[in-house]
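This report concerns only the one structure given below.
Protein chains: 2
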Amino acid sequence: MTSGATEERRIAGRGLDRAAVLAAALRSIDRNGAQRLTMRGLGQQLGVQAMSLYRYVSGREDVLEGVVASLLDGLVDRVDPQLSSTWQGYLQTLAHTIRAVAIDHPNAFPLVATRHPAAPWLRPPLRSLEVVDHFLVTLGRFGFNDDQVVQVYRSFSSFLLGHLLLEASLHGGETSPVEEPIDEGDAHFPSSDGTLELPPGSEVLRLQSKLSEDHGHEEFEMSLETLLDRLELGVTQ
Amino acid sequence: MTSGATEERRIAGRGLDRAAVLAAALRSIDRNGAQRLTMRGLGQQLGVQAMSLYRYVSGREDVLEGVVASLLDGLVDRVDPQLSSTWQGYLQTLAHTIRAVAIDHPNAFPLVATRHPAAPWLRPPLRSLEVVDHFLVTLGRFGFNDDQVVQVYRSFSSFLLGHLLLEASLHGGETSPVEEPIDEGDAHFPSSDGTLELPPGSEVLRLQSKLSEDHGHEEFEMSLETLLDRLELGVTQ
DNA sequence: ACCTGAACACCGTTCAAGT
DNA sequence: ACCTGAACACCGTTCAAGT
Numbered sequence: 000m001t002s003g004a005t006e007e008r009r010i011a012g013r014g015l016d017r018a019a020v021l022a023a024a025l026r027s028i029d030r031n032g033a034q035r036l037t038m039r040g041l042g043q044q045l046g047v048q049a050m051s052l053y054r055y056v057s058g059r060e061d062v063l064e065g066v067v068a069s070l071l072d073g074l075v076d077r078v079d080p081q082l083s084s085t086w087q088g089y090l091q092t093l094a095h096t097i098r099a100v101a102i103d104h105p106n107a108f109p110l111v112a113t114r115h116p117a118a119p120w121l122r123p124p125l126r127s128l129e130v131v132d133h134f135l136v137t138l139g140r141f142g143f144n145d146d147q148v149v150q151v152y153r154s155f156s157s158f159l160l161g162h163l164l165l166e167a168s169l170h171g172g173e174t175s176p177v178e179e180p181i182d183e184g185d186a187h188f189p190s191s192d193g194t195l196e197l198p199p200g201s202e203v204l205r206l207q208s209k210l211s212e213d214h215g216h217e218e219f220e221m222s223l224e225t226l227l228d229r230l231e232l233g234v235t236q
Numbered sequence: 000m001t002s003g004a005t006e007e008r009r010i011a012g013r014g015l016d017r018a019a020v021l022a023a024a025l026r027s028i029d030r031n032g033a034q035r036l037t038m039r040g041l042g043q044q045l046g047v048q049a050m051s052l053y054r055y056v057s058g059r060e061d062v063l064e065g066v067v068a069s070l071l072d073g074l075v076d077r078v079d080p081q082l083s084s085t086w087q088g089y090l091q092t093l094a095h096t097i098r099a100v101a102i103d104h105p106n107a108f109p110l111v112a113t114r115h116p117a118a119p120w121l122r123p124p125l126r127s128l129e130v131v132d133h134f135l136v137t138l139g140r141f142g143f144n145d146d147q148v149v150q151v152y153r154s155f156s157s158f159l160l161g162h163l164l165l166e167a168s169l170h171g172g173e174t175s176p177v178e179e180p181i182d183e184g185d186a187h188f189p190s191s192d193g194t195l196e197l198p199p200g201s202e203v204l205r206l207q208s209k210l211s212e213d214h215g216h217e218e219f220e221m222s223l224e225t226l227l228d229r230l231e232l233g234v235t236q
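Listed in order, the protein sequences are those of chains A and B.
Position 132 of the first sequence, counting from 1, maps to 131 under numbering that gives the first Met the number 0, and the rest follow consecutively.
Position 202 of the second sequence, counting from 1, maps to 201 under numbering that gives the first Met the number 0, and the rest follow consecutively.
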């Protein structure tokens, strides 16, 4: 071990920087959800007092925004270049890449999906200038004109948002505190084990098991195919 | 004024009850967003101390869940019975009824869309036993079999979630505090007036005005038509 | 340069006490 | 029955002070 290396480590202190703070925040959100992320807890997780974090982030809001950015960062480098030789293939690999984020971070994805977009042209879940620009440029190269590019961008983002947020909210939710609403006649009745008690004879009760099946993957693939088919018609007609 | 009426008013006290608390909470969320809803502020709005609210709600979480329920409450009575004579018409009027909720309460709709569903068969934004049951029963009456009903339910909810949350997040957002992230080279650059500064030459910059147009209504109508067409094919084939 | 102690102005929630 | 004062255990954030 050279004294240079030691020096380097000592200069770096605990090695704390913005990326490390955001990484720790993401881990915490993955475990407990964004609601339970506190600056004090985040500091503790990094072996430091909460106040130290303000050297790297401007506050809790900046942490959350930074986590969103870190999830989308470098996303365009993860799309499959092989598949990107057609616009259909590009949209497919891009969709799958973003879906991977939602599946890997179901508790963080709602942030990507619902935080107020910084600009109207940053439609969730494509909340990244880098991603949106790549999208627009790529479709333009495939021969879409401006109106078509924008139209595809709109349908594509709505499609992703609906499917991925739904999938994330079914997967996520972790150990949510079982809350008993105060009894008020017509409310639904969460029973003591946290599951909803269904009124006898209701259609939901009869179809309960079928409704509870998880077909996230097939649903996504089928709807993506349908979207591409529809776009294809819109382009060639 | 009879002494009976006075008595009645006095017995009712400030007329506080669960519905009044939830209504005040919704008004507050409409103005300031759910994040800024506090029990203390809610009490103040009702002329009462925060602790008094705990007589009607079990806590802040219960308030938020109650607001969601109140938004969806009685929704099935607001669908147009004329249009409900065909399943296509039913899905259309139901979709429009739910869209009205999203448009009227853009700051509250993210709650409907993203709070962890109480059960896997309560897919956001259809987070209400009443609505889902009505949906399943009605489609069954129109001749869909169990598998078809469930499939339609899945596509319909994904469609609504994607379009309405996107529309709500563009409309909502109110007076968000302008947050400056700490400078870190590769981040995007929010300029002093809160708008994002676009890199020169980027495709987003060139298409900025087209991307910023609001076509929420047409988009919704067109995608709804497309969905219905697709379902029609799935049913008759 | 990096971290912290102390402090400020808040939170949600409980509970015994008031009327 | 309905409301509250006081208290507890937290928050995010600032800033002067330490090393």
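Every residue, glycine too, gets a C-beta built ideally from N, C-alpha and C.
Residues Phe158 of the same chain have their beta carbon placed closer than 6 Å to that of B/Leu226, with the five preceding and five following residues left out of the count. By the criterion of a C-beta distance shorter than 8 Å, B/Ser222 is surrounded in its chain by Phe158 and His162, once the five residues flanking it on both sides are discounted. DSSP, reduced to helix, strand and coil, places A/Ser201 outside both helices and strands of the structure shown, so it counts as coil.
Taking 9 Å as the cut-off, the beta carbon of B/Val20 is found no closer than this to the beta carbon of B/Leu36. Look at B/Trp120 here: in three-state DSSP terms it is coil, with no helix or strand label. Per the coordinates, the alpha-carbon of B/Glu64 lies some 34 Å from the alpha-carbon of B/Leu210.
Sequence-distant partners of B/Gln91 (beyond 5 residues in either direction) whose C-beta falls short of 8 Å from its own C-beta, in its chain, are Leu82, Leu223 and Leu227. Contact annotation: A/Tyr152 and A/Leu164 have beta-carbon atoms that are not nearer than 9 Å. With a threshold of 16 other beta carbon atoms within 10 Å, A/Ser168 meets it and is buried.
At a Cβ-Cβ threshold of 9 Å, A/Gln48 and A/Arg26 do not count as neighbours. In this structure, A/Ala33 keeps its C-beta atom at 9 Å or more from the C-beta atom of A/Ala117. Neighbourhood of A/Asp79 in chain B, by CB distance below 8 Å: empty, with the nearest CB roughly 21 Å away. The beta carbon of A/Arg205 is closer than 6 Å to none in its chain, skipping five residues each way along the sequence. Among the CB atoms of chain B, none fall inside 9 Å of the CB of A/Ser84. Distances from the alpha-carbon of B/Arg126 to those of B/Gly73, B/Ser51 and B/Val56 put B/Gly73 closest. With respect to the C-alpha of B/Glu60, the residue from B/Leu128, B/Leu110 and B/Asp103 having the closest C-alpha is B/Leu110. With fewer than 16 other Cβ atoms inside 10 Å of its own Cβ, B/Tyr53 counts as exposed. Only residues of its own chain outside the window of five on either side were considered, and among them Tyr89 have a CB closer than 7 Å to the CB of B/Thr137, listed in chain order. Its chain contains Ala49, Leu52 and Arg59 as the residues whose beta carbon lies nearer than 7 Å to that of A/Met38, once the 5 sequence neighbours on both sides are disregarded; these appear in chain order. Proximity of A/Pro199 to chain B, defined by a Cβ-Cβ separation below 9 Å, is not satisfied. Contact annotation: A/Ser201 and B/Leu121 have beta-carbon atoms that are not nearer than 9 Å.
Taking a Cβ-Cβ threshold of 8 Å, the residues of chain A close to B/Val203 are Trp120, Leu128, Val131, Asp132 and Leu135, in chain order.
Arg17: these are the residues of the region 14-35 of chain A whose beta carbon lies less than 8 Å from some beta carbon of chain B, given in chain order.
Approximately 22 Å separates the beta-carbon atoms of A/Thr96 and B/Thr113; this is outside 8 Å, ruling out the contact. In this chain, the alpha helix (DSSP H) harbouring A/Leu165 covers Asp145 to His170. By the criterion of a C-beta distance shorter than 6 Å, A/Gly171 is surrounded in its chain by Pro105 and Asn106, once the five residues flanking it on both sides are discounted. B/Arg26: member of the alpha helix (DSSP H) spanning Arg17 to Asn31, first to last residue. Between A/Leu93 and A/Tyr55, the gap from beta carbon to beta carbon reaches 9 Å or more. Residues of the region 86-114 of chain A that bring their beta carbon within less than 9 Å of a beta carbon in chain B comprise Pro109, Ala112, Thr113 and Arg114, in sequence order. In this chain, A/Ala49 is not harboured by any alpha helix (DSSP H), its DSSP state being neither H nor E. Take the alpha-carbon of B/Val66 and the one of B/Phe143: they are about 33 Å apart.
The C-alpha of B/Asp29 is placed about 16 Å away from the C-alpha of B/Ala18.
With a threshold of 9 Å between beta carbons, B/Leu223 makes no contact with chain A. A/Gly14 carries a coil assignment under DSSP once its states are collapsed to helix, strand and coil. In the DSSP assignment, B/Gly139 falls within the alpha helix (DSSP H) that extends over Leu128 to Arg140. In this structure, B/Val148 sits near B/Gly139, with a CB-CB distance shorter than 9 Å.
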